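First residue of the sequence shown? That's 1 in the UniProt record's numbering, and the numbers climb one at a time after it.
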Amino acid sequence: MKIKLHHLYFTVLILTVQLCFTQTPQSREKILIDSGWRFSLGDPSDTEKDFNHGTAYFSYLAKTGNGDGAASPGFDDRAWRVLNLPHDWAVEQPFSEKGSFSHGFKAAGKGFPDKSIGWYRRRIDIPQSDLGRIITIKFDGVFRNSKVWFNGHFLGTEESGYNGFEYDVTAYVNYGGTNTIAVRVDASMEEGWFYEGAGIYRHVYLQKTSPLHIMTNGTYITTNVVKDFAVVKAEVKIQNLGEYKGNIELHQKIFDPEGIQVTSAISKSNTLGYYDDTLIQSELTVKKPLLWDLDTPYLYRLVSQIIIDGKVVDSYETIFGIRTIDFDAEKGFFLNGKNIKLKGTNNHQDHAGIGVALPDAMQYYRISKLKEMGSNAYRCSHNPPTPELLEACDRLGMLVIDETRLMGINDLHLGSLKKMIERDRNHPSVICWSVGNEEWNIEGNITGERITNTMQSFVKSIDPTRPVTVGISSGFKSGISSVVEIMGYNYMGNGDIDAHRNEFKQQPGMGTEEGSTFATRGIYFTDDSKHFKSAYDAKPRPSFYSIEEGWKFYDARPYLAGMFIWTGFDYRGEPTPYGWPSVTSYFGMMDVCGFPKDNVYYLKSWWGKEPVLHVFPHWNWQGMEGNEIDIWVYSNCDEAELFLNKKSLGKKKIEHNGHLEWKVKYEPGKLEAIGYKNGKKILSDVKQTTGAGQNIKLSQDRFLGNKNANVAIVTVEITDKKGLHVPTADNEVSFEIKGGRILGVGNGNPTSLEKDQFIDEIKTVSITDFKEQALTGDNLPKQLPVYPDNWREAFKDRDYKNLAPSYVYKGQFILENKNQNDLVTFFYQKIGVNCVVFVNGIKVDASTEDSLKYILGKEVLKEGENSIVIVATPIHKVKDWDVINSNPGVVQIVRPAEKWKRKLFNGLAQIIVELNDNSEVELIAKSEGLKTAILKIEN
Numbered sequence: 001m002k003i004k005l006h007h008l009y010f011t012v013l014i015l016t017v018q019l020c021f022t023q024t025p026q027s028r029e030k031i032l033i034d035s036g037w038r039f040s041l042g043d044p045s046d047t048e049k050d051f052n053h054g055t056a057y058f059s060y061l062a063k064t065g066n067g068d069g070a071a072s073p074g075f076d077d078r079a080w081r082v083l084n085l086p087h088d089w090a091v092e093q094p095f096s097e098k099g100s101f102s103h104g105f106k107a108a109g110k111g112f113p114d115k116s117i118g119w120y121r122r123r124i125d126i127p128q129s130d131l132g133r134i135i136t137i138k139f140d141g142v143f144r145n146s147k148v149w150f151n152g153h154f155l156g157t158e159e160s161g162y163n164g165f166e167y168d169v170t171a172y173v174n175y176g177g178t179n180t181i182a183v184r185v186d187a188s189m190e191e192g193w194f195y196e197g198a199g200i201y202r203h204v205y206l207q208k209t210s211p212l213h214i215m216t217n218g219t220y221i222t223t224n225v226v227k228d229f230a231v232v233k234a235e236v237k238i239q240n241l242g243e244y245k246g247n248i249e250l251h252q253k254i255f256d257p258e259g260i261q262v263t264s265a266i267s268k269s270n271t272l273g274y275y276d277d278t279l280i281q282s283e284l285t286v287k288k289p290l291l292w293d294l295d296t297p298y299l300y301r302l303v304s305q306i307i308i309d310g311k312v313v314d315s316y317e318t319i320f321g322i323r324t325i326d327f328d329a330e331k332g333f334f335l336n337g338k339n340i341k342l343k344g345t346n347n348h349q350d351h352a353g354i355g356v357a358l359p360d361a362m363q364y365y366r367i368s369k370l371k372e373m374g375s376n377a378y379r380c381s382h383n384p385p386t387p388e389l390l391e392a393c394d395r396l397g398m399l400v401i402d403e404t405r406l407m408g409i410n411d412l413h414l415g416s417l418k419k420m421i422e423r424d425r426n427h428p429s430v431i432c433w434s435v436g437n438e439e440w441n442i443e444g445n446i447t448g449e450r451i452t453n454t455m456q457s458f459v460k461s462i463d464p465t466r467p468v469t470v471g472i473s474s475g476f477k478s479g480i481s482s483v484v485e486i487m488g489y490n491y492m493g494n495g496d497i498d499a500h501r502n503e504f505k506q507q508p509g510m511g512t513e514e515g516s517t518f519a520t521r522g523i524y525f526t527d528d529s530k531h532f533k534s535a536y537d538a539k540p541r542p543s544f545y546s547i548e549e550g551w552k553f554y555d556a557r558p559y560l561a562g563m564f565i566w567t568g569f570d571y572r573g574e575p576t577p578y579g580w581p582s583v584t585s586y587f588g589m590m591d592v593c594g595f596p597k598d599n600v601y602y603l604k605s606w607w608g609k610e611p612v613l614h615v616f617p618h619w620n621w622q623g624m625e626g627n628e629i630d631i632w633v634y635s636n637c638d639e640a641e642l643f644l645n646k647k648s649l650g651k652k653k654i655e656h657n658g659h660l661e662w663k664v665k666y667e668p669g670k671l672e673a674i675g676y677k678n679g680k681k682i683l684s685d686v687k688q689t690t691g692a693g694q695n696i697k698l699s700q701d702r703f704l705g706n707k708n709a710n711v712a713i714v715t716v717e718i719t720d721k722k723g724l725h726v727p728t729a730d731n732e733v734s735f736e737i738k739g740g741r742i743l744g745v746g747n748g749n750p751t752s753l754e755k756d757q758f759i760d761e762i763k764t765v766s767i768t769d770f771k772e773q774a775l776t777g778d779n780l781p782k783q784l785p786v787y788p789d790n791w792r793e794a795f796k797d798r799d800y801k802n803l804a805p806s807y808v809y810k811g812q813f814i815l816e817n818k819n820q821n822d823l824v825t826f827f828y829q830k831i832g833v834n835c836v837v838f839v840n841g842i843k844v845d846a847s848t849e850d851s852l853k854y855i856l857g858k859e860v861l862k863e864g865e866n867s868i869v870i871v872a873t874p875i876h877k878v879k880d881w882d883v884i885n886s887n888p889g890v891v892q893i894v895r896p897a898e899k900w901k902r903k904l905f906n907g908l909a910q911i912i913v914e915l916n917d918n919s920e921v922e923l924i925a926k927s928e929g930l931k932t933a934i935l936k937i938e939n
């Protein structure tokens, strides 16, 4: 496969832009702010557990800037967990039979109120020099129902977990100081019927622009190829959030994949003042364009610059490709005039070990695995994807059906659709908009027709260059089927595709979902008691079809553009046809790690371009000597011959789009298939009986686009004394890492209830029964005195005009199941000007790094009830309405995580490692009775 990624292009382009334009301090900045967030779970109904949010007399909905509880900028979040985004708190939870079937039985969200609300906070400094710029906070996606505050000011709510959104915070910024972002996420309700995670699982940015700037997603590029040149039309929306009125120039330059400028244009216009939007249309010509294609995904970049009086006010860059697409009702799909059969898969967005919080490099890994299989198309099921997925498809050469979440005609539905199209319409990989999927209530009636017609017209008003489809599964007769631009057939078993086509011959069509077959990687005998499904390709149910049957049907019909298999990868949730303790689907051509099931080799044979030969199953069947084993061969050779221990079991011709089968009585040794082309041996594949496992083998996956990636994907295997992979190994392996960080572990077992992540457990306990008594002097003791039994409730009915010189406070906190490795810290919140703290009668000193932080050693603490005494001089009110803090703080207990570990499943496991810049990373794997493995990971 020939893929030109042009990694040097970006560096060259940046240098070129810097040389071509003199930037001003007001030019655009987009700053990734994924690091250094603090996180804690809240509660939907218990206000105390939800940090007393929403309890203020004047709420954030009543008075501007009145974010209270954890939404307040002054809230003390030091005891919260520190983490980096993207983050999915659902994947961190254990499994529970009471959990949601569709979300993979994770103990989070629906049914688990203590794991359904998450709070995120981050402090950020914004310099005084930014005064006069427009400051926005941009979220690529939060699951779900997020509410955002900035310095206590409520910014808004985004209900969907899949929409990107941004807020203008310019008026709320503390310039020259610290600013606080607070986000409350409510994941108690599901949007889909598949694993969706929980939390801020996509990137967050701080953006700074001039008041006069190009709007977010404000460029729209279309291309028209005519002989040896391409006409590039660029629409640019300029927004004015300042007082400037007058002339502007828009300078546009196009750079080719090597970073060389190939054309430019200058347009002149004017702006009319505050909140005036200006649309400027430009036309540029690119000679001898390099077309974006599947094997040569060439990308251009448009640099748009707003110029006032010779100075760059704003600079906006847009990646695009030059290519043509066409869906034909008779001949299918065409890319750059070439007839291409769509060989697609449907996919959700989660991955083993990390849930939906995928590092960017994981998108490249997953698309690379699909391309290795021969796939050329990807359907985003059933929601708008993260932007990085489309970037990977652009750069690697993968066609995309981009899909919105719900059908409808109001602001909720059309607004989400508009966001998706305006964000994604410059991606050359996107060839079709899907506005719905299996909407059974409306598929076959007039309501469905009306909604579809409205949505299609709405799409065309935003992007007339791409067609619209809907995935339909409840019959192909009327309703949506009769009006949708590109018919999306979901499963041959749901209707007569040929009959529908004969009735609507002017309507192009494709199989938007096909297959839904069941397979467990490495399993070759179905065992319902263990929830194992045989990996041989078979009908999932009598009315549905195998992968081979489906591909033969679509490949034989030129009028069908192609088919999209359900699914490319297994995913969490929908563990059909089983339930608990199965926690992932069985539909994938690959498992949740991306390890191939045998169907991958069938598709690779008939979808790919290279010779393929794959014989299965494995040949470790101890105890089944003499029993017949089904042997299958997937290959695109002319013929294949099978040998057992060098004895030929016959040569067979291979039918186009087919496979070969033998029945062979098991005996240990070597099973070998040989493939022939034009009578000559060109390939062989061997399955060999192995010995017992002796070694751990670690190997780093090298995938397309992973150069300079900050993530490594490592495969774990067990080998015997000859170095042969043991396909039945199930050893538990533990892991240590030096110089990097493990993000997650997986093994592809749909019934595995092992942890995905091993993280420190953090708990906080409150100080209870908090009482006080006044003291006559202000000297703070060095040893704890004996105080008279004259206690009263702390701070109750205190006369702030007649305060005592000092006060002594006492309370208690409970440590349950105390562990010797626990790290216990008291995060004090000031209830006095000066103070001294005693725990169980022993004076404790503040940390040198934080004068309000007390690390409590083992010698101070005890199991169960612990006493705390604070002697402090009081804080006086300056104004009568001042609110004096009465919360002494919280005690944090950190229980260090146990070692990372994972059992192998049918010989394989996967480790996802985050790499640190410029540091060596070493992964160490150990298992009882096996030789330790050490892998130095390359960056």
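Virtual Cβ for every residue (Gly too), placed ideally from N, Cα, C. Computed from a prediction, not measured in an experiment: that's the story for all the values here.
{"Item": "Can you check DSSP and say which residues form a bridge with Tyr-162?", "Value": "According to DSSP, Tyr-162 bridges with nothing at all."}
{"Item": "Grab the span of the beta strand (DSSP E) containing Trp-900 for me, first residue to last.", "Value": "900 to 903"}
{"Item": "By a C-beta neighbour count over all protein chains shown, 10 Å radius and 16 as the cutoff for buried, is Ala-556 buried or exposed?", "Value": "exposed"}
{"Item": "With H, G and I counted as helix, E and B as strand and the rest as coil, what does DSSP make of Tyr-676?", "Value": "strand"}
{"Item": "Determine whether the beta carbon atoms of Leu-299 and Pro-257 lie at a separation below 7 Å.", "Value": "yes"}
{"Item": "Closest to Lys-473 by C-alpha separation, out of Ser-457, Gly-177, Gly-495, Phe-826, would be which residue?", "Value": "A small correction: the amino acid at residue 473 is Ser; Lys does not occupy that position in the sequence shown. Ser-473 has its Cα closest to that of Gly-495, out of Ser-457, Gly-177, Gly-495, Phe-826."}
{"Item": "Leaving out five residues on either side along the sequence, give the residues of the same chain with a beta carbon under 7 Å from the beta carbon of Ala-79.", "Value": "Thr-764, Phe-827, Val-890, Gln-892"}
{"Item": "Could you tell me whether the region 554 to 574 touches the region 492 to 510, using the rule of 3 or more Cβ pairs below 8 Å?", "Value": "yes"}
{"Item": "Since Ala-357 and Pro-86 should fall inside the 8 Å C-beta cutoff, what is the C-beta to C-beta distance between them, to a whole number of angstroms?", "Value": "4 Å"}
{"Item": "Leaving out five residues before and five after Val-726 in sequence, what residues of the same chain have Cβ atoms less than 7 Å from its Cβ?", "Value": "Thr-690, Gly-693, Ile-718, Thr-719, Asp-720, Gly-907"}
{"Item": "Since Phe-544 and Tyr-491 should fall inside the 8 Å C-beta cutoff, what is the C-beta to C-beta distance between them, to a whole number of angstroms?", "Value": "6 Å"}
{"Item": "Just how far apart, CA to CA, sit Lys-604 and Pro-596?", "Value": "11 Å"}
{"Item": "Can you tell me whether Asn-445 is buried or exposed, with buried defined as 16 or more other CB within 10 angstroms of its CB?", "Value": "exposed"}
{"Item": "Just the Cα atoms here: how many angstroms apart are Gly-141 and Tyr-244?", "Value": "33 Å"}
{"Item": "For Ile-924, which residues of its own chain have a beta-carbon under 6 Å away from its beta-carbon, when the five flanking residues on both sides are left out?", "Value": "Glu-736, Ile-934"}
{"Item": "Can you name the start and end residues of the beta strand (DSSP E) that Ser-40 belongs to?", "Value": "37 to 41"}
{"Item": "To the nearest angstrom, report how far apart Ala-48 and Pro-387 are at their CA atoms.", "Value": "Here residue 48 turns out to be Glu, not Ala, going by the sequence shown. If you take the alpha carbons of Glu-48 and Pro-387, they lie about 37 Å apart."}
{"Item": "Below 8 Å CB to CB, which residues in the same chain sit around Ser-534 once its five sequence neighbours on both sides are set aside?", "Value": "Ala-519, Thr-520, Ile-523, Tyr-524, Phe-525, Thr-526"}
{"Item": "With three or more C-beta pairs closer than 8 Å as the rule, is the region 86 to 102 touching the region 166 to 176?", "Value": "no"}
{"Item": "Is it a yes or a no for the region 771 to 785 touching the region 861 to 877, going by three-plus beta-carbon pairs under 8 Å?", "Value": "yes"}
{"Item": "Could you give the C-beta distance for Ser-867 and Asn-885, rounded to a whole number, given that I count them as a contact under 8 Å?", "Value": "Ser-867 to Asn-885, Cβ: 21 Å. No contact."}
{"Item": "Please return the same chain residues whose Cβ sits closer than 7 Å to the Cβ of Phe-327, not counting the five positions on each side in sequence.", "Value": "Phe-333, Pro-467, Ile-486, Pro-508, Ala-561"}
{"Item": "Under the DSSP definition of a beta bridge, which residues are partnered with Asn-866?", "Value": "Phe-813"}
{"Item": "Under the assumption that Leu-660 contacts Lys-652 (Cβ atoms under 8 Å), give the Cβ distance between them as a whole number of angstroms.", "Value": "5 Å"}
{"Item": "Give the list of continuous alpha helix (DSSP H) stretches no shorter than 4 residues that lie fully inside the UniProt domain \"Glycoside hydrolase family 2 catalytic\" (331 to 471).", "Value": "360 to 372, 387 to 396, 411 to 424, 446 to 462"}
{"Item": "Relative to the ligand ZN, is the shortest distance from any of its heavy atoms to the C-beta of Ala-198 smaller than 6 Å?", "Value": "The ligand ZN is not part of the structure shown, which contains no ligands of any sort."}
{"Item": "Between which two residues does the beta strand (DSSP E) holding Trp-632 run?", "Value": "628 to 635"}
{"Item": "Taking the runs of the alpha helix (DSSP H) that are 4 residues or longer, which of them lie wholly in the region 292 to 333?", "Value": "none"}
{"Item": "Could you check which residue in Lys-796, Thr-209, Asn-347 has the C-alpha nearest to that of Asp-570?", "Value": "Asn-347"}
{"Item": "For Thr-22, which residues of its own chain have a beta-carbon under 8 Å away from its beta-carbon, when the five flanking residues on both sides are left out?", "Value": "In this predicted model, Thr-22 has a pLDDT of only 38, less than 50, meaning its place in the structure is not dependable; the value taken from the coordinates is given anyway. The residues are Lys-311, Val-312."}
{"Item": "State the beta-bridge partners of Gly-177 as determined by DSSP.", "Value": "Ile-126"}
{"Item": "Tyr-378: buried (16+ other C-beta within 10 angstroms of its C-beta) or exposed?", "Value": "buried"}
{"Item": "Is Ser-635 closer than 7 Å to Ile-654 when the C-beta atoms are compared?", "Value": "yes"}
{"Item": "Taking the C-alpha atoms as reference points, what is the distance between residue 963 and Ala-71?", "Value": "In the structure as shown, the chain starts at 1 and stops at 939, and residue 963 therefore has no counterpart that could be examined."}
{"Item": "Less than 7 Å between the C-beta atoms of Lys-233 and Glu-283, yes or no?", "Value": "yes"}
{"Item": "If we count the other Cβ atoms within 10 Å of its Cβ and call it buried at 16 or more, is Pro-617 buried or exposed?", "Value": "buried"}
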